[in-house]
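The block underneath contains the structure these notes are about, expressed in structure tokens.
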Amino acid sequence: MRDYWAIGLMTGTALDGYVDVALIRTDGHKILELGPYELVPYSDAQREILWQAVHAALDWQFNGPPPSIFEAATATITLICTDGVEALLQKTGFDKSKIDYVGAHGLTVLHHPPKAGEIGQTLQLLDGAKLAKTIGIPVIYDFRANDMRHGGQGAPLAPIYHAALLQFANLEPPAAILNLGGVANITYWAGGTNVAAFDCGPANGPINELVEAHKIGTYDKNGALASKGRVDMARLAKIMENPWFAQPFPKSLDRYDFGAALVDSLALEDGCSTLSALVGMAVGRGLDLLAQRPTKLVVAGGGRKNPKMMHDIENFAKIDLIDADEIGLRGDAVEAECFAFLAVRSALGLPISFPNTTNVKAPITGGVLARP
167 MRDYWAIGLM TGTALDGYVD VALIRTDGHK ILELGPYELV PYSDAQREIL WQAVHAALDW
227 QFNGPPPSIF EAATATITLI CTDGVEALLQ KTGFDKSKID YVGAHGLTVL HHPPKAGEIG
287 QTLQLLDGAK LAKTIGIPVI YDFRANDMRH GGQGAPLAPI YHAALLQFAN LEPPAAILNL
347 GGVANITYWA GGTNVAAFDC GPANGPINEL VEAHKIGTYD KNGALASKGR VDMARLAKIM
407 ENPWFAQPFP KSLDRYDFGA ALVDSLALED GCSTLSALVG MAVGRGLDLL AQRPTKLVVA
467 GGGRKNPKMM HDIENFAKID LIDADEIGLR GDAVEAECFA FLAVRSALGL PISFPNTTNV
527 KAPITGGVLA RP
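Numbering of the sequence shown is given in the numbering used here, commencing with residue 167 and proceeding in unit increments.
Quick look at the structure:
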């Protein structure tokens, strides 16, 4: 069985100003080597275009013609991904001819899971064909659509990579990973390809949205604002009454299903504190849905750098957390690595989503291949 070098690209819904770029070597089943990775910044002007597209999508809701801003945003995210690949190759000097595939997620602007027997809809902006031609490497993109066409939730897609990652770190099953991006999701690995996974609630998304609305930045650095505030326990209890939290998995969220409006009328610090506590409560409720509750969680994603959020998860979810970096993994690179791994699986026709991860009826592959 041959192995492949692949680059993964991820631009998250939190719009943190970076494209995550990671290189891995894999046979599509195991991680054979973690290559270099970079967090490549993009400009404030580019971020503004992406932000406008995301907010236009909230008004659009798949009704009528797509907003005109999508064209500019597609060109922007494609350029950001191009720059990301070129930055990684230039900085590392890695031989481009050795790279077999690039897996590019694109920018999610809208994600509607299936409801009441209806097929769901999802949209990730990216011109995969243009990206492939520009960088001269085959690109695999549009990873979620095939799963949704077959009745799946379209998310999360990371579980099969999380399982390989836990194996690479020499952790014994059962083990679990918590990813804290715009949304929080949990992967529970029982060994082999036996994984269960689901979005469990909001993470950085609504806090970023709240801070940005107050025009004092784009995120709560180190949880400083949340640390100064007080949790509105009555408001938190009301939010947790939402039946979605008790809904069995598999399940997925759009980044804006739980937004900053949850803490309308609260002072900024109190709002951040309440939303941070919400992450902890949601993770705890998610863990309670598992047949066997893990005793520890490996944490990846940007939220792990927020000590207040990490404390709230440990406090409200009653769980010990391990930063992915502490066990030799790269917490900032996991999502980008994931799409490199999924690109190779897609190229080999291997499944990338499963009944216990997206609720698709049978394991299924996904992704569209664009050649240079």
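Even glycine gets a Cβ: it sits at the ideal position worked out from N, Cα and C.
Asked                                                                                                                                                  : Found
Between the segment 466-486 and the segment 295-313, are three or more C-beta pairs nearer than 8 Å?                                                   : no
According to the neighbour-count rule (16 or more other Cβ atoms, all chains shown, within 10 Å of its Cβ), is Met167 buried or exposed?               : exposed
Considering only the alpha carbon of each residue, which of Cys504, Asn229, Leu346, Thr248 lies closest to Leu292?                                     : Thr248
With 16 as the cutoff for other CB atoms within 10 Å, does Glu284 come out buried or exposed?                                                          : exposed
Grab me the residues of His278's own chain with a C-beta within less than 6 Å of its C-beta, minus the 5 sequence neighbours each way, in chain order. : Gly286, Gln287
Would the beta-carbon of Thr242 fall within 9 Å of that of Ile215?                                                                                     : yes
Rounded to whole angstroms, what's the CA-CA distance from Leu514 to Met475? Just pull it up for me.                                                   : 39 Å
I'd like to know whether the C-beta atoms of Glu501 and Gly194 end up nearer to each other than 9 Å.                                                   : no
Comparing alpha-carbon positions, which option in Ala329, Val268, Glu378 lies nearest Ala356?                                                          : Ala329
List the endpoints of the continuous alpha helix (DSSP H) containing Phe236.                                                                           : 235-258
Runs of 3 residues minimum, wholly inside the segment 450-508: which ones carry the beta strand (DSSP E) assignment?                                   : 462-466, 486-489
Are Tyr184 and Tyr203 closer than 9 Å when you measure CB to CB?                                                                                       : no
Grouping DSSP H, G and I as helix and E and B as strand, with all else coil, what is Tyr354?                                                           : strand
Can you give, in chain order, each stretch of the alpha helix (DSSP H) that sits fully within the segment 372-421 and has at least 4 residues?         : 390-394, 399-405
How about Asn351 and Phe334: are their beta carbons less than 9 Å apart?                                                                               : no
Taking only the alpha-carbon atoms, compute the straight-line gap between Gly467 and Asn336 and give it to the nearest angstrom.                       : 20 Å
What separation, rounded to the nearest whole angstrom, lies between the Cα atoms of Thr353 and Ala379?                                                : 32 Å
By the DSSP assignment, the alpha helix (DSSP H) with His221 in it spans what residues?                                                                : 210-226
Could you check which residue in Gly294, Leu535, Val526, Glu503 has the C-alpha nearest to that of Ile197?                                             : Glu503
With distances taken between CB atoms, is the gap from Lys424 to Pro473 smaller than 9 Å?                                                              : Note on identity: in this sequence residue 424 is Phe, with Lys being the wrong assignment. For Phe424 and Pro473, no; Cβs fall outside 9 Å.
Among all the DSSP beta bridges, which residues are the ones paired with Glu338?                                                                       : For Glu338, which the question treats as bridged, DSSP gives no partner whatsoever.
Can you have a look at Ser263 and say buried or exposed, based on whether 16 or more other CB atoms are within 10 angstroms of its CB?                 : exposed
Assuming contact is defined by CB atoms lying nearer than 9 Å, are Thr523 and Pro340 in contact in what I supplied?                                    : no
Of the residues Gly533, Ala403, Leu175, Glu199, which one's Cα is nearest the Cα of Gly494?                                                            : Glu199
Return the CA-CA distance between Leu175 and His271, expressed in angstroms with no decimal places.                                                    : 6 Å
So what does DSSP say about Asn118, is it helix, strand or coil?                                                                                       : Here the chain has residues from 167 to 538 only, and residue 118 is not among them.
Give me the Cα-Cα distance between Ala536 and Gly348, rounded to the nearest whole angstrom.                                                           : 28 Å
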